[in-house]
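Participant: To start, I am sharing the structure in question, which I have written as structure tokens.
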Amino acid sequence: MDVRAGIFLYWLHIICTGVFADVWKVHVEPEMKALVSSCVVLPCSFKYPVQVQPSDRIRAIWHMKDNWDDIIFHGDSTRVKDSFKGRTKLIGSLGGFNCSLEIDEVRNHDNGPYCFRVELETSKKDKYSFVENCVSIQMIEQASKPELQAEQSVQEGETAVFKCSVRHTCPSHQPTLTWSHTGKAIMTYKDIGHGNWETESVLTFIPQKEDDHTSIACTVKHHGKVEGEMTVTHHIFVKEQATISHILIPVISGLGSALLFGLLCFFIAKKRYESRPGEFRPQGGQNVRKSQEEGTDSTVLFRSQRTEANTQQLLMDSSATNQDKTHNLLIEY
Numbered sequence: 001m002d003v004r005a006g007i008f009l010y011w012l013h014i015i016c017t018g019v020f021a022d023v024w025k026v027h028v029e030p031e032m033k034a035l036v037s038s039c040v041v042l043p044c045s046f047k048y049p050v051q052v053q054p055s056d057r058i059r060a061i062w063h064m065k066d067n068w069d070d071i072i073f074h075g076d077s078t079r080v081k082d083s084f085k086g087r088t089k090l091i092g093s094l095g096g097f098n099c100s101l102e103i104d105e106v107r108n109h110d111n112g113p114y115c116f117r118v119e120l121e122t123s124k125k126d127k128y129s130f131v132e133n134c135v136s137i138q139m140i141e142q143a144s145k146p147e148l149q150a151e152q153s154v155q156e157g158e159t160a161v162f163k164c165s166v167r168h169t170c171p172s173h174q175p176t177l178t179w180s181h182t183g184k185a186i187m188t189y190k191d192i193g194h195g196n197w198e199t200e201s202v203l204t205f206i207p208q209k210e211d212d213h214t215s216i217a218c219t220v221k222h223h224g225k226v227e228g229e230m231t232v233t234h235h236i237f238v239k240e241q242a243t244i245s246h247i248l249i250p251v252i253s254g255l256g257s258a259l260l261f262g263l264l265c266f267f268i269a270k271k272r273y274e275s276r277p278g279e280f281r282p283q284g285g286q287n288v289r290k291s292q293e294e295g296t297d298s299t300v301l302f303r304s305q306r307t308e309a310n311t312q313q314l315l316m317d318s319s320a321t322n323q324d325k326t327h328n329l330l331i332e333y
């Protein structure tokens, strides 16, 4: 064999080794969290040489990492470990390269790690355990409270929106969220990655006066035999809607205050006017005014009276201390 042929075979070996080594692959989340007594889904996808066998001839197995004979899932249930019988199932489609596994009624010792194994039923050689890509589970003994998002103050008569959400790792059995307030609630489910899911409920309603200083509670109920229900409470305050009465009442109040102030000023002015000296006083049907000339000792007395000829005479009597005289002045008009 010449040198050129040797080099060619060497590189062909390198290329083929890389290609076929890349055929058997699996992708899992190395760390997962699970709520005890509920369920957990271990996400899993794999790749194998599809040209070898059709997908319906594939056998999927999950087993313990340290002991391949400790099988937690198998198509033949008789081969499943007693403590896992009836608690595990595949929820993915092998034809779609989905090997996701559900473990129900999670127990506090189901920590793993668990590994996926794929076998081709018609071949004794085409079997592969992905022991370098296994899943460990961290147990959660008690469920956490849901998260509630809302404004503390809402406007009367306008639509208010409240959001309640909870995260979990059991998408095959979504938790339920309920509200203490009647209204329209919409549930949504979202994959937030790495095997975690979020269930959200959006509540909408129109606040009224009776909703002021009340509380809204959101309660989560998980799948399985999880003890109790977790509730979160939010206090709300309703801002009263402005109406025509809110405008008229201050205006009327202001006008009433101004009117009272005006009447008070009027009576004070009238009282002061009547108390002034030298003003006209009614005396026996006549209007009389007294006036004293400045710098003299005389006093002038004005009298007005109406005659029978429908004329009015003004009599002026002038009396002085130094001379006793009276001057009569007749004015007709």
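Note that the UniProt record's numbering has the sequence shown beginning at 1, numbered continuously upward. Beta carbons are placed, not taken as given, at the ideal position from N, Cα and C, and that holds for glycine. As the structure is a computational prediction, the values presented were derived from the model and not from experiment.
Is it right to say Arg57 is buried, meaning 16 or more other beta carbons lie within 10 angstroms of its own, or is it exposed?
Facilitator: Here residue 57 refers to the residue found at position 57 of the sequence shown. It is exposed - the Cβ of Arg57 has fewer than 16 other Cβ atoms within 10 Å.
Participant: Are three or more beta carbon pairs between the region 187 to 205 and the region 158 to 168 nearer than 8 angstroms?
Facilitator: Yes, the region 187 to 205 is in contact with the region 158 to 168.
Participant: Got a sec? Which residues, its chain only, sit under 6 angstroms from Met64 by beta carbon, not counting five neighbours each side?
Facilitator: Within the sequence shown, the letter at position 64 stands for residue 64. Cβ within range, chain order: Asp70.
Participant: With 16 as the cutoff for other CB atoms within 10 Å, does Ile268 come out buried or exposed?
Facilitator: In the sequence shown, the residue the question calls residue 268 occupies position 268. Its Cβ having fewer than 16 others within 10 Å, Ile268 is exposed.
Participant: Candidates Leu148, Phe97 and Ser45: which alpha carbon is nearest Met230's?
Facilitator: Stepping through the sequence shown from its first residue, residue 230 is reached at position 230. Closest by alpha carbon: Leu148.
Participant: Can you list, in chain order, the residues of its chain whose CB lies under 6 angstroms from that of Phe84, leaving out five sequence neighbours each side?
Facilitator: Position 84 of the sequence shown, counting from 1, holds the residue named residue 84. Around Phe84: Ile72.
Participant: Can you tell me whether DSSP reads Arg107 as helix, strand or coil?
Facilitator: Locating residue 107 in the sequence shown gives position 107, where the first residue counts as 1. DSSP, reduced to helix, strand and coil, places Arg107 outside both helices and strands of the structure shown, so it counts as coil.
Participant: Is Asn133 closer than 9 angstroms to Thr169 when the C-beta atoms are compared?
Facilitator: As a first step, residue 169 is located in the sequence shown; it is residue number 169 there, counting from the start. As a first step, residue 133 is located in the sequence shown; it is residue number 133 there, counting from the start. Not in contact: Thr169 and Asn133 (Cβ atoms no closer than 9 angstroms).
Participant: When you compare each of Val118, Met139, Leu35 and Ser37 to Val131 by their alpha carbons, which one comes out closest?
Facilitator: For the purposes of this step, residue 131 is identified with residue 131 of the sequence shown, where counting begins at 1. The residue with the shortest Cα to Cα distance from Val131 is Val118.
Participant: Note down, in chain order, each residue of its chain lying with its Cβ closer than 8 angstroms to the Cβ of Lys184, except the 5 sequence neighbours on either side.
Facilitator: Along the sequence shown, read from residue 1 onward, the residue named residue 184 stands at position 184. Correct list, in chain order: Leu203, Thr204 and Phe205.
Participant: DSSP on Gly112, reduced to helix/strand/coil?
Facilitator: If you number the sequence shown from 1, residue 112 lands on position 112. DSSP places Gly112 outside both helix and strand once states are collapsed to three, so it counts as coil.
Participant: Measure the alpha-carbon distance for Asp66 versus Glu105 and round it to whole angstroms.
Facilitator: As a working note, residue 66 is residue 66 in the sequence shown. As a working note, residue 105 is residue 105 in the sequence shown. Answer to the nearest angstrom: the Cα atoms are 23 angstroms apart.
Participant: Hey, how far is the Cα of Thr178 from the Cα of Asp126?
Facilitator: Position 178 of the sequence shown, counting from 1, holds the residue named residue 178. Position 126 of the sequence shown, counting from 1, holds the residue named residue 126. Thr178 and Asp126 have their alpha carbons spaced roughly 50 angstroms apart.
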